[in-house]
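Visitor: Residue numbers (the numbering used here), protein chains in the order written: chain D, 3 to 109; chain L, 2 to 152.
Where a beta carbon is used, it is the ideal one built from N, C-alpha and C, also for glycine.
Since this is a predicted model, take the numbers as computed values, not measurements.
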Amino acid sequence: MASKPRVKVPKKASVGEVITIKTLISHKMESGQRKGKDGKLVPRKIINKFTAEFNGQEVFSADMHGAVSANPYLEFTVKMSESGTFKFSWVDDDGSVYSTEKKITVS
Amino acid sequence: MNINRRQALALSAGAAVFAITGVSTKLAYAAAEDTEKAIMDLAGGKAPQSGKITLTSPEIAENGNTVPVSVKVDSKMMEGDMVKSITIFAEGNPNPDVVTFHFSAMSGAATASTRMRLAKTQNVVAVAKMADGSTYMDKKEVKVTIGGCGG
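(1) Please state the DSSP three-state secondary structure of Lys-105(D).
(2) Taking the alpha carbon of Ile-106(D) as the point to measure from, which residue in Pro-7(D), Arg-8(D) and Pro-12(D) has its own alpha carbon closest?
(3) Please report the distance separating the alpha-carbon of Glu-84(D) from that of Trp-92(D).
(4) In chain L, which residues lie with their C-beta within 8 Å of the C-beta of Ser-63(D)?
(5) What are the start and end residues of the beta strand (DSSP E) that includes Glu-63(L)?
(6) So what's Ile-161(L) in DSSP terms, helix, strand or just coil?
(7) What separation, rounded to the nearest whole angstrom, lies between the Cα atoms of Lys-104(D) and Val-61(D)?
(8) Please classify Asp-133(L): does DSSP put it in a helix, a strand, or coil?
(9) Can you list, in chain order, the residues of its chain with a C-beta nearer than 6 Å to that of Gly-148(L)? Leave out the 5 residues immediately preceding and following it.
(10) Alpha carbon to alpha carbon, how far is Thr-22(D) from Gly-46(L)?
(11) State buried or exposed for Ala-61(L), treating a residue as buried only when at least 16 other CB atoms are found within 10 Å of its CB.
(12) Buried or exposed: which applies to Gln-50(L), given that a residue is buried once 16 or more other Cβ atoms fall within 10 Å of its Cβ?
(13) Please report the Cβ distance between Asp-99(L) and His-29(D), rounded to the nearest whole angstrom; I am assuming they are in contact, meaning their Cβ atoms lie under 8 Å.
(14) Under 9 Å between C-beta atoms, does Val-20(D) make it to chain L?
(15) Which chain D residues sit within Cβ distance under 7 Å of Val-153(L)?
(16) Mapping the DSSP letters down to three states, classify Glu-34(L) as helix, strand or coil.
Okay, here's the thing in structure tokens:
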């Protein structure tokens, strides 16, 4: 259901620069409040956790609840000090984890 | 299950009583008190101070399904002046929790954005928790034309 995450990270940055990262993942984010055609509540199925790591260290995370819109979008900042790799992970209610990586050169 | 006329009438009478006493609204939507309680829990029993934190969201959201929201705390994000987390609550949603952002020493700035669902016109609250345990809060009313919680 959830498909390719999309992440926007600048390719280059200077030391000490605060960069903005934008992420989006396709996911229905079924809130558990909505009724289906049969009149029964559709069970909740959302991405409940997002984490961003840089060179293995957590730099930002978000706990999400049913009130986050479908295709959850997140925007946050990171202060760069060295080149490396970002790893972004999304955790689904069903336990599956979607992740992607992005490299950045800091000079 | 088949509902005959008598049961249907009994049910609707019951529903009417609930509506009058306000119980049904409490069941369907998180009352402002629930949000207040959640904020108190977060703030460790003390009411959060105002200031420092800014919550930005449109005054009128046409579609309650995707309401952009951003939060920003005036902080250097360095030792002694660090924001640990920011939590967003929606007072009029079935469940007041929306999202919690966790920051780190590498965040550079205490700002984050996302999109949320709002069931109806209501107050949206953001609470920032600083590393030293103090809390700050900002509140904003968002008018919703079309609710975003299905139905």
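Guide: Straight from the coordinates:
(1) As a first step, residue 105(D) is located in the first sequence; it is residue number 103 there, counting from the start. In the structure shown, Lys-105(D) sits in a strand (DSSP, three-state: E or B).
(2) Counted from its first residue, the first sequence places residue 106(D) at position 104. The residue with the shortest Cα to Cα distance from Ile-106(D) is Pro-12(D).
(3) Within the first sequence, the letter at position 82 stands for residue 84(D). Within the first sequence, the letter at position 90 stands for residue 92(D). If you take the alpha carbons of Glu-84(D) and Trp-92(D), they lie about 24 Å apart.
(4) Here the question's residue 63(D) lines up with position 61 in the first sequence. Simply Phe-102 and His-103.
(5) Stepping through the second sequence from its first residue, residue 63(L) is reached at position 62. For Glu-63(L), the enclosing beta strand (DSSP E) has its first and last residue at 61–64.
(6) Residue 161(L) is absent from the model: chain L starts at 2 and stops at 152.
(7) Locating residue 104(D) in the first sequence gives position 102, counting from the first residue. Locating residue 61(D) in the first sequence gives position 59, counting from the first residue. Near 14 Å, if we compare the C-alpha coordinates of Val-61(D) and Lys-104(D).
(8) Stepping through the second sequence from its first residue, residue 133(L) is reached at position 132. Here Asp-133(L) sits in coil by DSSP.
(9) In the second sequence, the residue the question calls residue 148(L) occupies position 147. If we look at Gly-148(L) and ignore the five residues flanking it on each side, its Cβ neighbours are Gly-65, Ala-120 and Lys-121.
(10) Against the first sequence, residue 22(D) aligns to sequence position 20. Against the second sequence, residue 46(L) aligns to sequence position 45. Near 34 Å, if we compare the C-alpha coordinates of Gly-46(L) and Thr-22(D).
(11) Here residue 61(L) is taken as the residue at index 60 of the second sequence, counted from 1. Looking at the sequence provided, one finds Ile at residue 61(L) rather than Ala. Under this definition Ile-61(L) is an exposed residue.
(12) As a first step, residue 50(L) must be located in the second sequence, where it is residue number 49. With fewer than 16 Cβ atoms within 10 Å of its Cβ, Gln-50(L) is classed as exposed.
(13) Taking the second sequence and counting its residues from 1, one reaches residue 99(L) at position 98. Taking the first sequence and counting its residues from 1, one reaches residue 29(D) at position 27. According to the sequence provided, residue 99(L) is Val. The question's Asp does not apply to it. Not a contact, Cβ separation roughly 16 Å.
(14) Taking the first residue of the first sequence as position 1, residue 20(D) is located at position 18. True, the Cβ-Cβ gap to chain L drops below 9 Å.
(15) Nothing about residue 153(L) can be read from this structure; chain L reaches only from 2 to 152.
(16) Position 33 of the second sequence, counted from the first residue, corresponds to residue 34(L). Residue state, collapsed to three classes: helix.
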